[in-house]
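The structure under discussion appears below in the form of structure tokens.
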Amino acid sequence: MTEVVRVDPARPNQKDISRAADCLRRGGLVAFPTETVYGLGAHALDRAAVLRLFDAKGRPANDPLIVHVPAFDRVAALVAALPEQAARLAARFWPGPLTLVMRRAPSVPLEVTAGLDTVAVRVPAHPVARALRRAASVPVAAPSANLFSRPSPTRAAHVLDDLDGRIDMVVDGGPTQVGVESTVLDLTVDPPAVLRPGAVSVEMLRTIVPAVRLGGFRTARPGGEPMASPGLLSKHYAPRAPMTIYQGDPAAVRQALMAAAREAMAAGQRVGVLATAEDALMLRGVPVVIAELGSEHDVEAIAAGLYAALRQLDAARVDVILMRDASRDEGLWLAVGDRLHRAAAEVITVG
């Protein structure tokens, strides 16, 4: 059985944190909240623990892990050299949802890095994650605490839905705040490249390193070549029901979405709609299951509720999921759009 320990997210009980830290040091697997999503922690320098983590998640070995440390001064032991840019970025964005990719030190097992000579490192901001790092006194490899390719967990209940009985402990610190995974910035290339968008936007990064570029977010496949970053699979973050995203002129998209919903219902399917508050108004009286994300003018709310909404539709046992894509190629919207398109079975452009 997986033990669940509930803590105050702002002031976690030190006794509970110490128990979780001891579990990590002994090679156990502990899920815990970060400001982005719940992470599944394992002692990053313990190969057996890292392999247990991959097995528990069903994660392919070519998908590297992010290593969490409590502060910037702990990074030097994990990397071959600290780029000058790393110090400036850390001073501005750590602790926080930014992951930096640097050259790996020999102390970091290749199992953590998918065999690459690079390692991804970040300092989480969540009080529970920070307390756990300090108490454990070891670097912690921590991908999202879910079964591989499923929507990431933003509540302890999501972790248990996927991993109950497969891991040792869940530290329940309530819902996470950001709701999508950290930005990943590769400092081993010139200019530095964003490999995965997140809450630390490209625009924010450029205030510190003006040359930062978008990396193209190339897709990868399980079992293929090692990935430069987590989150690069073409199919990822996916609900159980196939999701179709409609993009294009908003009015035309809404018409196409309604037509698709009626067609699916006529075929006897249970339809779920991942809807902004504006689209939910359009669907009043239509017999579909609506998971509302919030206003399309509040991207922070949409990001925070995205994965919970996908899991809500899974729990409702819908047969298909439909959505209008309101995302834009800027700020946090870039991360939301990236996650949605990787979660979708099909993307249809209308108009």
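Start counting the sequence shown at 0; every next residue gets the next number (numbering that gives the first Met the number 0).
Backbone N, C-alpha and C fix where the C-beta goes; we use that ideal spot for every residue, glycine too.
Rounded C-alpha distance that separates residue i from residue j
i: Leu131; j: Ile347; result: 44 Å
i: Phe351; j: Ala47; result: Past the edges of the chain, shown from 0 to 350, lies residue 351, and the structure says nothing about it.
i: Met281; j: Pro191; result: 43 Å
i: Lys14; j: Leu256; result: 51 Å
i: Pro105; j: Thr112; result: 11 Å
i: Val68; j: Ala124; result: 11 Å
i: Ala41; j: Tyr236; result: 21 Å
i: Gly164; j: Arg133; result: 27 Å
i: Arg87; j: Gln268; result: 53 Å
i: Val211; j: Glu110; result: 28 Å
i: Asp7; j: Pro142; result: 23 Å
i: Thr206; j: Ser200; result: 10 Å
i: Ile244; j: Glu277; result: 16 Å
i: Val298; j: Glu329; result: 11 Å
i: Pro174; j: Gly284; result: 31 Å
i: Leu273; j: Glu345; result: 14 Å
i: Ala89; j: Phe71; result: 7 Å
i: Arg327; j: Arg18; result: 43 Å
i: Met264; j: Ile65; result: 42 Å
i: Phe92; j: Ala79; result: 22 Å
i: Gly95; j: Ser148; result: 24 Å
i: Ala416; j: Asp116; result: Any answer about residue 416 is impossible in this case: the structure gives the chain only from 0 up to 350.
i: Ala240; j: Glu83; result: 46 Å
i: Asp167; j: Leu28; result: 5 Å
i: Leu50; j: Tyr37; result: 19 Å
i: Leu146; j: Arg154; result: 14 Å
i: Leu312; j: Leu81; result: 44 Å
i: Gly114; j: Ala266; result: 48 Å
i: Asp351; j: Cys22; result: Nothing about residue 351 can be reported from this structure: the residues present for the chain run from 0 to 350 only.
i: Val193; j: Ala85; result: 14 Å
Buried versus exposed call for residue i [16 or more other C-beta atoms within 10 Å across all chains shown]
i: Asp189; result: exposed
i: Ala360; result: Any property of residue 360 remains undetermined from this structure, which presents the chain solely from 0 to 350.
i: Met101; result: buried
i: Thr35; result: buried
i: Lys234; result: exposed
i: Leu213; result: exposed
i: His157; result: buried
i: Gly197; result: buried
i: Asn12; result: exposed
i: Met242; result: buried
i: Met0; result: exposed
i: Ser151; result: buried
i: Gly223; result: exposed
i: Ser136; result: exposed
i: Arg195; result: buried
i: Pro286; result: exposed
i: Glu262; result: exposed
i: Pro209; result: exposed
Opposing strand residues paired with residue i [DSSP bridges]
i: Ser17; result: Ser17 is not bridged to any residue.
i: Leu290; result: The sequence given here places Ala at residue 290; Leu does not occur at that position. Answer by DSSP bridge pairing, in chain order: Leu273.
i: Leu99; result: Val120 and Leu184
i: Val139; result: His42 and His67
i: Val111; result: DSSP output for Val111 lists no bridge partner at all.
i: Glu34; result: According to DSSP, which records beta bridges pairwise, Glu34 is partnered with nothing at all.
i: Val29; result: Gly40 and Met168
i: Arg5; result: Asp171
The ligand GTP heavy atom lying under 8 Å from the CB of residue i
i: Ala89; result: The ligand GTP is absent from the structure shown, which contains no ligand whatsoever.
Whole-Å CB distance - residue i paired with residue j, under 8 Å assumed
i: Val349; j: Asp248; result: 7 Å
i: Pro238; j: Ile289; result: Pro238 to Ile289, Cβ: 15 Å. No contact.
i: Thr98; j: Val120; result: 7 Å
i: Val127; j: Val170; result: 6 Å
i: Ala303; j: Ala334; result: The Cβ separation is near 12 Å, so there is no contact.
i: Ala140; j: Leu162; result: That pair is no contact at about 15 Å.
Next item on the list: Starting from the N-terminal side, write out each stretch of the alpha helix (DSSP H) that is 4 residues or longer and does not extend beyond the segment 165-246.
Entry: 201-204
Next item on the list: Scan the segment 48-92 and note each continuous beta strand (DSSP E) run of 3 residues or more that stays entirely inside, going in chain order.
Entry: 65-67
Check: For the segment 282-349, which segments carrying the alpha helix (DSSP H) assignment without a break, of at least 4 residues, lie completely within its bounds, in sequence order?
Finding: 298-314 and 330-342
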